[in-house]
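Participant:
In the numbering used here, the protein residues as written are 318 to 493.
1. So, does the stretch 424-432 touch the stretch 405-416, judging by three or more C-beta pairs under 8 angstroms?
2. Go through its chain and collect everything with a Cβ distance to residue 484's Cβ below 7 angstroms, but skip five positions before and after it.
3. The alpha helix (DSSP H) that contains residue 356, what's its start and end?
4. My output table needs one value for residue 326: the three-state DSSP class, helix, strand or coil.
5. Within this structure, are the beta carbons of residue 438 and residue 423 separated by less than 7 angstroms?
6. Quick one: what's got a C-beta closer than 8 angstroms to residue 399's C-beta in the same chain, skipping five residues either side?
7. In chain order, what residues of the same chain lie with their CB nearer than 6 angstroms to the CB of residue 490, ignoring the 5 residues before and after it?
8. Out of 323, 492, 336 and 394, which one is the CA nearest neighbour of residue 411?
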């Protein structure tokens with residue numbers, strides 16, 4: 318792991334909905350660092366009104382330029398749209414393989430992992446691999462309550478995307 322920290326700053330485009338994240342310093346370079354990123358994202362999704370519906374976010378090397386340059390920005394993780402409905406990512410949206418795709422479920426669209434986690438948001442990050450070259454898919458899942466309490470955290474390497482609904486949706490978007 319690098320000595321330089323990964324810095325994450327959420328942003329909105331004026332409507333108070335989560336539009337994405339500015340990544341500064343460097344990109345996460347391990348599943349552990351992506352889990353930390355996902356945990357922050359799910360905690361934000363648990364705040365009422367931040368994420369309207371289950372949404373897809375994609376990493377990109379684009380850098381923010383509004384309202385001014387962000388020092389040390391390396392890229393963005395931006396809202397690609399809801400999973401279904403108006404604004405959903407169209408087939409061919411991900412022409413270039415992103416290093417990470419996230420799926421965030423707001424509390425009303427999240428299925429809690431236990432009865433105690435009622436009102437929790439959840440999310441998944443898929444780090445697409447190239448299995449035919451020996452690079453496995455990796456993924457992580459996080460669930461968090463509105464107060465920030467993490468009620469589920471899991472990560473895996475060698476993921477078969479078809480074995481989990483969240484990874485299946487993200488893999489299907491990549492393949493479309």
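Yeah, the Cβ is synthetic: ideal placement off N, Cα and C, and Gly gets one too. No experiment lies behind these values; they were computed from the predicted model shown.
Facilitator: With the given structure in hand:
1. no
2. Excluding its 5 nearest sequence neighbours in each direction, residue 484 has C-beta neighbours in its own chain below 7 angstroms: 441, 443, 456, 476 and 478, listed in chain order.
3. 348-362
4. Residue state, collapsed to three classes: strand.
5. Yes, the pair counts as a contact, with Cβ atoms nearer than the cut-off.
6. 369, 370, 371, 372, 373 and 405
7. 406
8. Of 323, 492, 336 and 394, the residue nearest in Cα terms is 492.
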